[in-house]
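As structure tokens, the structure follows; a few thoughts come after it.
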Amino acid sequence: MGEPVPINRMSAESIQFSLRTNLTIWVFNVTDEFKQHILGELSKSINIVVETLSLSLVSEESLSLLHAPDAIFVEAKQGWSSKVAEMQNYTLPFGDMDTSLIVFGDETDSSALRIALRVGASDYLSDNCSMDDLLPLLRQIAEQKIVRRKMGELFLFVNTKGGNGASTIAMNVAIELADNHPGEVLLIDIDTQFGLLAEYLDLSPKYGLLDAIDSLSELDEASLSGFVTEYDNKLHTIGFATGQGSAAIDHMEEIQKIVPLFRQFYKYIIIDYSRGIEPAFANLVTPATRVFLVIQQNYMSLKNANQLVRSLKFDFGHDEQSIELIVNRYEKGQSITIKDIENTIPKLDIQLIPNDFKVANESANLGKPVMNFKKRSAISKALQKFSGSLQPEESTNKGWLSKLFK
Numbered sequence: 001m002g003e004p005v006p007i008n009r010m011s012a013e014s015i016q017f018s019l020r021t022n023l024t025i026w027v028f029n030v031t032d033e034f035k036q037h038i039l040g041e042l043s044k045s046i047n048i049v050v051e052t053l054s055l056s057l058v059s060e061e062s063l064s065l066l067h068a069p070d071a072i073f074v075e076a077k078q079g080w081s082s083k084v085a086e087m088q089n090y091t092l093p094f095g096d097m098d099t100s101l102i103v104f105g106d107e108t109d110s111s112a113l114r115i116a117l118r119v120g121a122s123d124y125l126s127d128n129c130s131m132d133d134l135l136p137l138l139r140q141i142a143e144q145k146i147v148r149r150k151m152g153e154l155f156l157f158v159n160t161k162g163g164n165g166a167s168t169i170a171m172n173v174a175i176e177l178a179d180n181h182p183g184e185v186l187l188i189d190i191d192t193q194f195g196l197l198a199e200y201l202d203l204s205p206k207y208g209l210l211d212a213i214d215s216l217s218e219l220d221e222a223s224l225s226g227f228v229t230e231y232d233n234k235l236h237t238i239g240f241a242t243g244q245g246s247a248a249i250d251h252m253e254e255i256q257k258i259v260p261l262f263r264q265f266y267k268y269i270i271i272d273y274s275r276g277i278e279p280a281f282a283n284l285v286t287p288a289t290r291v292f293l294v295i296q297q298n299y300m301s302l303k304n305a306n307q308l309v310r311s312l313k314f315d316f317g318h319d320e321q322s323i324e325l326i327v328n329r330y331e332k333g334q335s336i337t338i339k340d341i342e343n344t345i346p347k348l349d350i351q352l353i354p355n356d357f358k359v360a361n362e363s364a365n366l367g368k369p370v371m372n373f374k375k376r377s378a379i380s381k382a383l384q385k386f387s388g389s390l391q392p393e394e395s396t397n398k399g400w401l402s403k404l405f406k
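Residue numbers (UniProt numbering): 1 to 406.
Laid out in structure tokens, this is it:
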């Protein structure tokens, strides 16, 4: 069965090559000699994860257990072409994706070269090729992966009044999304004064946003992992490190540039606007996929929300479909009802997060997010339902390797 191959990065003789993004490569070998050779060459890159499988063991079941590949390396021996053709009809759980097929064999074998081209291989290389031969191809695959990559969703959670709970909701929604998409969710804390999200999550970040900005020209998926802080090995977080907040206003342009870069590497970006829309971060509002205004059932919160909706429409170009209201700590018996909110701010979807002071208070005092502390509470269930609405249903594509066989 195929499994990730641990690559020794400590050899003094190996030269480390970097790519702009990480690649997963499947290696289907017939001989152990080819397997050891290609693993040795690929070990010279710090961005490659290799999963190997004997060609005779390749099946729909065995491939379903691997990670989605960016490239497939096949040794051209013992019926390799029929096995590759068979893969065209596999139904694998990877959706629709572009994967490069690279065939390795005897460069003087013109018959094998013709077969490789016929089955859709993008390249035919010597089975004794070196990293110098592979590197241009790997860099091209990495660049194409970046270009093809869909920009991640950008969700903003904005307090319409201090203490409405935008931080709590943003944090718990991010945790729930990351539970379903580990490593693909980034939570950004832009509070330049307090930046409490790291404290809420009991994290001790070594680096902050300004550190990442200092490396903006060289920032890629590999280097970015060194600046973010992980929560529960699933959620990635970043904010302003101690002493960096006051310098944020001097880096408005760089902040505007770095968020689109983040969106290339993450499926979901969540930004906590706990202090409302501050001028230093207003330039991130227009590109947002959705803006969630966090309100409570009181006059000032509703009044501010109404003003913000107008601003989002006329100043930032958003429409009703991209703006939603979240009524936090909702209670049926309050003087301001859902009907009042709908009449004041019409045509917007409204999410309700029930008031459960005991659970929320215990969660805050213990420093544990509600989603982890009380999964069966009314608050957690409401947040789970809301988070689910942010995730589109993903369809399974049959014959996902068909692009290789043209």
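Glycine included, each C-beta is placed from N, C-alpha and C at the ideal position.
Remember, it's a predicted structure, so these values are computed and weren't measured experimentally.
Enumerate in chain order the residues of its own chain whose CB-to-CB distance from Leu261 is below 7 Å, with the five nearest sequence positions on each side excluded.
Here residue 261 corresponds to residue number 261 of the sequence shown, with the count starting at 1. The residues are Leu219.
For Lys358, is the classification buried or exposed, using 16 other Cβ atoms within 10 angstroms of its Cβ as the cut-off for buried?
As a working note, residue 358 is residue 358 in the sequence shown. Per the 10 Å Cβ criterion, exposed.
Range covered by the alpha helix (DSSP H) that runs through Tyr200:
Your numbering for residue 200 matches position 200 in the sequence shown. Per DSSP, Tyr200 belongs to the alpha helix (DSSP H) from 197 to 200.
List the endpoints of the continuous alpha helix (DSSP H) containing Gln36.
Taking the sequence shown and counting its residues from 1, the one referred to as residue 36 is at position 36. 32 to 42 is the span of the alpha helix (DSSP H), which, as asked, contains Gln36.
Would Glu184 and Tyr266 qualify as a contact pair, given that the criterion is a beta-carbon distance under 8 Å?
The sequence position of residue 184 within the sequence shown is 184, counting from 1. The sequence position of residue 266 within the sequence shown is 266, counting from 1. Yes, they are a contact pair.
From the DSSP output, read off the bridge partner residues of Tyr330.
Translated into positions along the sequence shown, residue 330 becomes position 330. Partner(s): Pro354.
Could you please give the first and the last residue of the uninterrupted alpha helix (DSSP H) stretch that includes Leu302?
As a first step, residue 302 is located in the sequence shown; it is residue number 302 there, counting from the start. Element bounds for Leu302: 299 to 314.
Using DSSP bridges, identify the partner residues of Asp189.
By 1-based counting over the sequence shown, the position of residue 189 is 189. According to DSSP, which records beta bridges pairwise, Asp189 is partnered with Gly239, Asp272.
Span of the beta strand (DSSP E) holding Gly105?
Looking up residue 105 in the sequence shown gives position 105. Unbroken beta strand (DSSP E) run through Gly105: 100 to 105.
Do Ile102 and Asp123 have their C-beta atoms closer together than 8 Å?
Within the sequence shown, the letter at position 102 stands for residue 102. Within the sequence shown, the letter at position 123 stands for residue 123. Yes, they are a contact pair.
What three-state label does DSSP hand Ser211 in the structure shown?
Mapped onto the sequence shown, residue 211 falls at position 211. A small correction: the amino acid at residue 211 is Asp; Ser does not occupy that position in the sequence shown. It is helical.
Give the straight-line distance between the Cα atoms of Ser301 and Ile338, rounded to the nearest whole angstrom.
For the purposes of this step, residue 301 is identified with residue 301 of the sequence shown, where counting begins at 1. For the purposes of this step, residue 338 is identified with residue 338 of the sequence shown, where counting begins at 1. Rounded to the nearest angstrom, the two C-alpha atoms are 14 Å apart.
In the DSSP assignment, the alpha helix (DSSP H) including Thr344 goes from what residue to what residue?
For the purposes of this step, residue 344 is taken as the residue at position 344 of the sequence shown. Taken as a continuous stretch (DSSP letters only), the alpha helix (DSSP H) holding Thr344 covers 338 to 344.
Validate contact between the segment 367 to 378 and the segment 149 to 166 using beta carbons, cut 8 Å, 3 pairs
no
Could you name the residues that DSSP lists as bridge partners for Glu324?
Walking along the sequence shown from the start, residue 324 turns up at place 324. According to DSSP, which records beta bridges pairwise, Glu324 is partnered with Phe292, Asp349.
Host alpha helix (DSSP H) of Glu60 (start-end)
Residue 60 sits at position 60 when you count from the first residue of the sequence shown. Glu60 -> alpha helix (DSSP H) spans 60 to 64.
Using CA coordinates, which residue listed in Pro205, Val285, Phe240, Lys35 is at the minimum distance from Ala76?
For the purposes of this step, residue 76 is taken as the residue at position 76 of the sequence shown. Nearest of Pro205, Val285, Phe240, Lys35 to Ala76, Cα basis: Lys35.
Less than 6 Å between C-beta atoms, sequence neighbours within five positions excluded: which residues of the same chain meet that for residue 408?
For the chain, the structure presents residues 1 to 406; residue 408 sits outside this window and is missing.
Please confirm whether Ile379 and Asp356 have their CB atoms less than 8 Å apart.
As a first step, residue 379 must be located in the sequence shown, where it is residue number 379. As a first step, residue 356 must be located in the sequence shown, where it is residue number 356. Yes. Within cutoff.
Integer Cβ distance of Asn172 from Asn328, believed to fall under 8 Å
Against the sequence shown, residue 172 aligns to sequence position 172. Against the sequence shown, residue 328 aligns to sequence position 328. In fact, because the Cβ distance is near 11 Å, the residues do not count as touching under 8 Å.
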